[in-house]
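Okay, structure first, notes after.
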Amino acid sequence: MPKVSKSDIIFTGFPAPGSLSDGLNIDEFGESESNLDLNSNGDYHDPAISLDVLKTMVSTILASDSHLFTRAERNVLLSFRDLSVKAQHLFVFLAIHPKWHRIQSLQSVEDVPWGDLACAIAELCRPISDYNPILEAACEIEVKLEVKHEPVDPSLKMEEDGPSALVYIKKEEPKLAGPSDDIPIPQSQPNAIAGSSTSLFPFPRPDPKPSSLCIDDSQMTLRQLVEYMGLNEQRMIASQLKIKPGKKKMELIESILTTSSKQTNLMDFFSKSKAKAAPSSQEERLREMILKHLRKLIRIDEDVFEVLMRAHLRYFLPCEFPTEIIPRPLRHLQRKYPDYVCKRSENIWENRETLIEYHDSLRAEAKIAGVLPSGIQPDLEPSSEEMQPGKRKRPTADGVEVVKDKNAAAIRKATVTQTLFEEVFKRWASHYGVKAQSDSVDPGLERFEPGYVLTRATHKGANVFKVLKDDDSESDILDILLAQREWCRGLRGAWHTRKSGILLEKIKDGAPGKAMKVTRNGIADRDTGLIYRHSLITNLAKLQKRLPSEDELEISEPTKVPKITFSATRIPNVEKKQPSLWKTKNNEEGTIQALVSQHYETKFDFERVQPGGCLLTTLFTLLFWDIIFMPMNGVFETAFQTCPLDLCEDTFLSSRRDAIFERLDEIKDGRAGAILKKHDAEHRGAKKTVVGVRWDLCSRKQLVEIVKCISGATLRTICQMFCEDYVEACLGSPDLIAWDVDGENYKLLHIKGPGYPGRQNKKAWRDVLARGDAKQEICEVVELGKAKKKKGKKKDAESGSDSADDELEPDSEEESFWHPNDKAANVLTRSSNSDEEDEYQPKNPKRRKLSRE
Numbered sequence: 040m041p042k043v044s045k046s047d048i049i050f051t052g053f054p055a056p057g058s059l060s061d062g063l064n065i066d067e068f069g070e071s072e073s074n075l076d077l078n079s080n081g082d083y084h085d086p087a088i089s090l091d092v093l094k095t096m097v098s099t100i101l102a103s104d105s106h107l108f109t110r111a112e113r114n115v116l117l118s119f120r121d122l123s124v125k126a127q128h129l130f131v132f133l134a135i136h137p138k139w140h141r142i143q144s145l146q147s148v149e150d151v152p153w154g155d156l157a158c159a160i161a162e163l164c165r166p167i168s169d170y171n172p173i174l175e176a177a178c179e180i181e182v183k184l185e186v187k188h189e190p191v192d193p194s195l196k197m198e199e200d201g202p203s204a205l206v207y208i209k210k211e212e213p214k215l216a217g218p219s220d221d222i223p224i225p226q227s228q229p230n231a232i233a234g235s236s237t238s239l240f241p242f243p244r245p246d247p248k249p250s251s252l253c254i255d256d257s258q259m260t261l262r263q264l265v266e267y268m269g270l271n272e273q274r275m276i277a278s279q280l281k282i283k284p285g286k287k288k289m290e291l292i293e294s295i296l297t298t299s300s301k302q303t304n305l306m307d308f309f310s311k312s313k314a315k316a317a318p319s320s321q322e323e324r325l326r327e328m329i330l331k332h333l334r335k336l337i338r339i340d341e342d343v344f345e346v347l348m349r350a351h352l353r354y355f356l357p358c359e360f361p362t363e364i365i366p367r368p369l370r371h372l373q374r375k376y377p378d379y380v381c382k383r384s385e386n387i388w389e390n391r392e393t394l395i396e397y398h399d400s401l402r403a404e405a406k407i408a409g410v411l412p413s414g415i416q417p418d419l420e421p422s423s424e425e426m427q428p429g430k431r432k433r434p435t436a437d438g439v440e441v442v443k444d445k446n447a448a449a450i451r452k453a454t455v456t457q458t459l460f461e462e463v464f465k466r467w468a469s470h471y472g473v474k475a476q477s478d479s480v481d482p483g484l485e486r487f488e489p490g491y492v493l494t495r496a497t498h499k500g501a502n503v504f505k506v507l508k509d510d511d512s513e514s515d516i517l518d519i520l521l522a523q524r525e526w527c528r529g530l531r532g533a534w535h536t537r538k539s540g541i542l543l544e545k546i547k548d549g550a551p552g553k554a555m556k557v558t559r560n561g562i563a564d565r566d567t568g569l570i571y572r573h574s575l576i577t578n579l580a581k582l583q584k585r586l587p588s589e590d591e592l593e594i595s596e597p598t599k600v601p602k603i604t605f606s607a608t609r610i611p612n613v614e615k616k617q618p619s620l621w622k623t624k625n626n627e628e629g630t631i632q633a634l635v636s637q638h639y640e641t642k643f644d645f646e647r648v649q650p651g652g653c654l655l656t657t658l659f660t661l662l663f664w665d666i667i668f669m670p671m672n673g674v675f676e677t678a679f680q681t682c683p684l685d686l687c688e689d690t691f692l693s694s695r696r697d698a699i700f701e702r703l704d705e706i707k708d709g710r711a712g713a714i715l716k717k718h719d720a721e722h723r724g725a726k727k728t729v730v731g732v733r734w735d736l737c738s739r740k741q742l743v744e745i746v747k748c749i750s751g752a753t754l755r756t757i758c759q760m761f762c763e764d765y766v767e768a769c770l771g772s773p774d775l776i777a778w779d780v781d782g783e784n785y786k787l788l789h790i791k792g793p794g795y796p797g798r799q800n801k802k803a804w805r806d807v808l809a810r811g812d813a814k815q816e817i818c819e820v821v822e823l824g825k826a827k828k829k830k831g832k833k834k835d836a837e838s839g840s841d842s843a844d845d846e847l848e849p850d851s852e853e854e855s856f857w858h859p860n861d862k863a864a865n866v867l868t869r870s871s872n873s874d875e876e877d878e879y880q881p882k883n884p885k886r887r888k889l890s891r892e
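FYI, in the working numbering the residues of the sequence shown are 40 to 892.
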């Protein structure tokens with residue numbers, strides 16, 4: 040699954056290019072090019088834009104949120120404001136690129152007006168107290184805000200139907216800072232790595248007190264200087280030190296450092312003078328030799344960067360760990376943003392300590408998700424030489440057979456993540472204990488609580504138990520998460536589904552009743568989304584088949600998704616990792632979407648075919664415009680947003696539930712056309728940059744045509760999926776939408792090409808739409824002349840022959856319709872591959888009807 044940045048959606052209106060199309064190139068339809076670029080009045084890579092954004096951020100923080108920063112941290116922000124314009128441009132560049140830079144590389148940067156580089160560097164490296172003498176000379180009394188953590192009982196009170204006793208052990212490791220030292224930890228695996236090199240929540244934390252905004256090479260160690268050099272430069276230094284050539288880079292670095300530390304000057308040995316007239320040690324001379332190659336080096340001070348990151352947190356209020364001072368979308372062009380009430384919220388965080396805790400929680404979540412390195416080095420040596428399942432013997436050049444476990448990498452990563460998870464779970468439990476005794480916050484603002492972020496981190500970290508095949512620990516964690524409703528209610532469906540799946544796998548062990556109860560509770564939970572509700576209904580159907588009872592629920596069979604396939608000529612790609620190219624009409628090159636679009640226009644006489652992702656997001660935004668831009672606390676904090684800050688969070692639905700479900704009912708009742716016309720007429724003329732909207736994709740008339748084609752119930756289902764989880768809905772939406780002008784016929788098309796893996800979110804989309812009786816179709820394109828292997832039945836024991844042979848796809852441009860009675864054509868699966876096994880669906884249902892909503 041592609042990585043989707045929520046900041047891209049907030050500031051540009053769309054996920055990163057290519058993330059909507061499952062690797063398909065959709066440039067021909069303009070979908071990967073957002074309308075933000077088309078409507079821009081600014082220039083790309085304009086350094087003035089970045090400087091203006093940083094100035095606005097600093098000024099806003101100093102004016103309204105200075106209590107979240109110490110005096111030394113405020114001095115950092117004030118010092119930037121007092122810099123000359125040229126030094127400010129250089130500082131912004133160094134803040135965006137926080138690494139060491141050579142002066143010659145900075146001189147080669149184009150379109151950056153920092154003028155005399157030497158003067159700008161000198162200004163940035165001078166002491167902060169020199170910028171404004173009032174900063175350090177202030178005698179004001181600073182009130183330090185602290186959070187007094189009272190000891191909290193970490194044991195979580197479970198309901199009667201929860202687990203009676205959870206299995207925990209207390210690991211022998213250094214105590215972490217926090218309100219509790221006896222947090223229950225899930226039982227560890229025997230091969231888990233104990234401890235971590237650095238704590239995710241360091242305590243006590245030293246306050247940043249930088250002496251200057253930037254530092255130069257004078258503050259670099261000798262090792263840092265040697266490691267920064269290129270390999271050719273290192274070889275030149277090694278040659279001057281008479282070190283044998285031919286070493287690898289790391290060996291060369293160690294040889295240079297070892298030689299410099301051992302060699303001494305003969306004159307220094309006999310000299311009794313202590314004068315420091317000239318460098319005499321070999322290390323000092325080595326530094327001079329290196330700097331002749333590197334010249335001047337500069338970078339932003341690490342403490343200064345940390346202060347700016349906290350300012351970024353308060354100003355932009357991201358819900359994922361930020362890695363850049365200024366979001367990338369804001370650095371390249373200006374946009375015309377929609378009209379909304381921009382109001383800075385007060386008391387998002389009451390004090391500095393809570394802000395730091397939130398920052399640490401985001402970092403911990405990113406490490407568990409694998410976005411950031413964990414700092415823990417897994418044991419790379421195999422734990423046993425015995426052959427285990429999943430291991431293969433591979434002969435080497437010398438004839439020695441090496442045992443390689445194909446699952447070893449996943450297991451090592453899981454054990455590392457488990458170590459991080461234990462620390463995160465400790466912290467989460469302490470926050471949960473405090474939350475249970477604290478007052479509630481305004482709707483939607485709970486996403487800025489550290490406990491909310493740690494709940495997401497716990498949710499992601501619990502997946503390691505699945506890899507380690509520790510279902511008991513995973514089940515215990517799911518019980519604890521389901522016992523609370525304070526945070527991440529949108530994930531409850533995922534927890535119910537996984538818990539039901541674990542119990543369903545263990546049904547032979549004598550737990551059928553509990554599996555039935557958990558599954559029904561998940562279906563009845565109003566926080567369970569449509570996608571997870573479908574999975575739970577499927578599990579319930581299996582359970583009711585095995586455990587018939589009088590009080591069974593009626594489960595209607597979903598509409599089968601038909602599938603067609605046709606052949607086409609594929610053009611070899613010169614560049615790797617590029618979308619596949621095909622011969623389209625008139626022997627032109629085109630993407631697979633362009634090929635399918637032409638196929639449906641010519642063979643099925645559809646009058647319009649457009650990309651499905653952007654078309655559905657456009658419809659959703661126009662139908663929910665007034666609700667999306669409804670004034671609420673903590674959602675419109677800056678002037679650079681295409682949507683509310685919580686659109687990609689579960690709080691978008693929970694904080695607007697009444698308004699959203701009222702609109703969904705209006706759509707179901709057939710009022711979508713009137714709502715769309717109203718919002719389109721009000722906003723199309725300005726062509727503002729709005730989340731998901733492509734003004735150039737369809738006219739108002741064409742959008743109304745689509746709304747007339749799609750039934751109210753289906754359109755309601757689509758919009759509800761966007762409300763429940765906008766990111767997953769964007770990633771799983773159909774690839775194309777084909778419809779007629781008269782508003783009677785349409786098709787939601789799911790494209791499958793050679794070697795395209797089916798994504799779980801796309802499978803879920805098809806399943807949910809199938810239960811809503813949507814008109815959809817799977818269109819598979821195969822390469823002309825290539826054999827398409829189909830799963831055959833097992834060989835007959837007596838005859839030894841295959842009962843089903845592999846088939847070849849027809850070598851023609853004509854479509855090949857599969858027979859309606861063919862299992863592959865009619866089976867409703869959770870994958871784009873029709874060859875997967877059919878899910879059980881009960882026949883002749885005569886039970887109580889289960890609501891689809």
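Ideal Cβ positions, reconstructed from N, Cα and C, are used throughout, including at glycine.
**Study point:** CA nearest to the CA of residue 813, picked from 700, 786, 292 and 792
**Key:** Taking the first residue of the sequence shown as 1, we reach residue 813 at position 774. Answer by Cα proximity: 786.
Check your understanding: To which residues does DSSP link residue 786 through a beta bridge?
Key -> By 1-based counting over the sequence shown, the position of residue 786 is 747. Residue 786 pairs with 777.
Review point. Would residue 246 pass as a contact of residue 111 if the rule is Cβ separation under 9 Å?
Key: Within the sequence shown, the letter at position 207 stands for residue 246. Within the sequence shown, the letter at position 72 stands for residue 111. It is a contact, given that the beta carbons lie within the stated cut-off.
Review point. Taking residue 47 as the reference, which of 622, 730 and 798 has the closest Cα?
Key: The count along the sequence shown starts at 1 and reaches residue 47 at position 8. That would be 730, whose Cα lies nearest to the Cα of residue 47.
Exercise for review: Rank 603, 100, 619 and 612 by C-alpha distance to the C-alpha of residue 642 and give the top, closest one.
Suggested key: One-based indexing of the sequence shown puts residue 642 at position 603. Here the closest residue by C-alpha is 603.
Check your understanding: What do you reckon, are the CB atoms on residue 288 and residue 270 nearer than 9 Å?
Key -> As a first step, residue 288 must be located in the sequence shown, where it is residue number 249. As a first step, residue 270 must be located in the sequence shown, where it is residue number 231. For residue 288 and residue 270, yes; Cβs fall inside 9 Å.
Point to revise | When 648, 732, 623 and 690 are compared against residue 663, the one with the closest alpha-carbon | key: In the sequence shown, residue 663 corresponds to position 624, counting from 1. Here the closest residue by C-alpha is 732.
Point to revise | Boundaries (first-last residue) of the beta strand (DSSP E) holding residue 105 | key: Against the sequence shown, residue 105 aligns to sequence position 66. Neither: residue 105 is in no beta strand (DSSP E) and is coded neither H nor E.
Exercise for review: Determine the contact status of residue 503 and residue 404, defining contact as a CB-CB distance below 9 Å.
Suggested key: In the sequence shown, counting from the first residue as 1, residue 503 sits at position 464. In the sequence shown, counting from the first residue as 1, residue 404 sits at position 365. It is not a contact, given that the beta carbons lie outside the stated cut-off.
Exercise for review: Leaving out five residues on either side along the sequence, give the residues of the same chain with a beta carbon under 6 Å from the beta carbon of residue 499.
Suggested key: Position 460 of the sequence shown holds residue 499. Contacts found: 407 and 408.
Review point. When DSSP builds the beta bridges, which residues end up paired with residue 400?
Key: For the purposes of this step, residue 400 is taken as residue 361 along the sequence shown, with counting starting at 1. According to DSSP, which records beta bridges pairwise, residue 400 is partnered with nothing at all.
Practice item. Report the three-state DSSP secondary structure of residue 297 (helix, strand or coil). Key: Taking the sequence shown and counting its residues from 1, one reaches residue 297 at position 258. DSSP places residue 297 in helix when its eight states are reduced to three.
Review point. Would you report the Cα separation of residue 866 and residue 87, rounded to the nearest angstrom?
Key: Position 827 of the sequence shown, counted from the start, is the residue given in the question as residue 866. Position 48 of the sequence shown, counted from the start, is the residue given in the question as residue 87. Annotation note: pLDDT 25 at residue 866 (below 50); position unreliable, no value reported.
Check your understanding: Should residue 610 be labelled buried (16 or more other beta-carbon atoms within 10 Å of its own) or exposed?
Key -> For the purposes of this step, residue 610 is taken as the residue at position 571 of the sequence shown. That one is exposed.
Exercise for review: Output the distance between the C-alpha atoms of residue 440 and residue 657, rounded to the nearest integer angstrom.
Suggested key: As a first step, residue 440 must be located in the sequence shown, where it is residue number 401. As a first step, residue 657 must be located in the sequence shown, where it is residue number 618. Per-residue confidence for residue 440 stands at a pLDDT of 49, beneath the threshold of 50, marking its modelled position as unreliable; the derived number appears in the next sentence. Approximately 58 Å between the Cα atoms of the pair.
Check your understanding: Going by DSSP, what residues sit across from residue 255 in a beta bridge?
Key -> What you label residue 255 is simply residue 216 of the sequence shown in a count that begins at 1. According to DSSP, residue 255 bridges with 337.
Check your understanding: Taking the continuous alpha helix (DSSP H) assigned at residue 158, which residues delimit it?
Key -> Here residue 158 refers to the residue found at position 119 of the sequence shown. That run of the alpha helix (DSSP H) goes 156 to 164.
Point to revise | Coarse secondary structure for residue 346, derived from DSSP in three states | key: In the sequence shown, the residue the question calls residue 346 occupies position 307. DSSP places residue 346 in helix when its eight states are reduced to three.
Review point. Cα separation between residue 746 and residue 342?
Key: In the sequence shown, residue 746 corresponds to position 707, counting from 1. In the sequence shown, residue 342 corresponds to position 303, counting from 1. Going from the Cα of residue 746 to the Cα of residue 342 covers about 54 Å.
Exercise for review: Look at residue 570 and residue 760 and say whether their C-beta atoms are less than 9 Å apart.
Suggested key: If you number the sequence shown from 1, residue 570 lands on position 531. If you number the sequence shown from 1, residue 760 lands on position 721. Contact: yes.
Exercise for review: Please report how far the alpha carbon of residue 325 lies from the alpha carbon of residue 331, in whole angstroms.
Suggested key: Locating residue 325 in the sequence shown gives position 286, where the first residue counts as 1. Locating residue 331 in the sequence shown gives position 292, where the first residue counts as 1. If I take the Cα positions, the gap works out to 10 Å.
Review point. Does DSSP put residue 447 in a helix, in a strand, or in coil?
Key: For this step, residue 447 is matched to residue 408 along the sequence shown. Helix at residue 447.
Practice item. Tell me whether residue 452 sits in a helix, a strand or coil according to DSSP, three-state version. Key: Counted from its first residue, the sequence shown places residue 452 at position 413. Three-state result, residue 452: helix.
Review point. Out of 322, 239 and 328, which has the shortest C-alpha to C-alpha gap to residue 278?
Key: Here residue 278 is taken as the residue at index 239 of the sequence shown, counted from 1. Out of 322, 239 and 328, 328 has the C-alpha closest to the C-alpha of residue 278.
Exercise for review: Whole angstroms is fine: what's the gap from residue 748's alpha carbon to residue 545's?
Suggested key: Position 709 of the sequence shown holds residue 748. Position 506 of the sequence shown holds residue 545. Each residue's alpha carbon lies about 45 Å from the other.
Review point. With a Cβ-Cβ cutoff of 9 Å, do residue 496 and residue 520 count as a contact?
Key: Your numbering for residue 496 matches position 457 in the sequence shown. Your numbering for residue 520 matches position 481 in the sequence shown. Going by C-beta atoms, residue 496 is not nearer than 9 Å to residue 520.
Check your understanding: What's the C-alpha gap between residue 281 and residue 296?
Key -> Stepping through the sequence shown from its first residue, residue 281 is reached at position 242. Stepping through the sequence shown from its first residue, residue 296 is reached at position 257. Taking the straight line from one Cα to the other gives about 13 Å.
Review point. Is residue 235 helix, strand or coil when you go by DSSP?
Key: On the sequence shown, residue 235 is found 196 positions in, with the first residue counted as 1. At residue 235 the pLDDT is 36, less than 50, meaning the model places this residue with poor confidence and gives no usable figure here.
Check your understanding: How big is the Cα-Cα spacing for residue 765 and residue 752?
Key -> Your numbering for residue 765 matches position 726 in the sequence shown. Your numbering for residue 752 matches position 713 in the sequence shown. Whole-angstrom Cα-Cα distance: 19 Å.
Review point. So is residue 118 buried or exposed if we call it buried at 16+ other beta carbons inside 10 Å?
Key: By one-based count along the sequence shown, residue 118 stands at place 79. With 16 or more other Cβ atoms within 10 Å, it is buried.
Point to revise | Inter-residue Cα distance where the pair is residue 506 and residue 392 | key: Translated into the one-based positions of the sequence shown, residue 506 becomes position 467. Translated into the one-based positions of the sequence shown, residue 392 becomes position 353. Computed Cα separation, rounded: 35 Å.
Point to revise | Exposure of residue 612, with buried meaning 16 or more beta-carbon neighbours within 10 Å | key: Here residue 612 corresponds to residue number 573 of the sequence shown, with the count starting at 1. Answer is exposed; the Cβ neighbour count stays below 16.
**Study point:** residue 568 beta carbon less than 9 Å from that of residue 532
**Key:** Locating residue 532 in the sequence shown gives position 493, counting from the first residue. Locating residue 568 in the sequence shown gives position 529, counting from the first residue. In contact: residue 532 and residue 568 (Cβ atoms closer than 9 Å).
Exercise for review: Would you list, in sequence order, the uninterrupted alpha helix (DSSP H) runs of no fewer than 4 residues that lie entirely inside the region 693 to 728?
Suggested key: 696 to 707 and 711 to 722
**Study point:** Residue range of the unbroken alpha helix (DSSP H) whose run includes residue 139
**Key:** What you label residue 139 is simply residue 100 of the sequence shown in a count that begins at 1. Segment: none, residue 139 is in no alpha helix (DSSP H) and carries neither H nor E.
Practice item. State buried or exposed for residue 769, treating a residue as buried only when at least 16 other CB atoms are found within 10 Å of its CB. Key: The residue labelled residue 769 in the question sits at position 730 within the sequence shown. So residue 769 ends up on the buried side.
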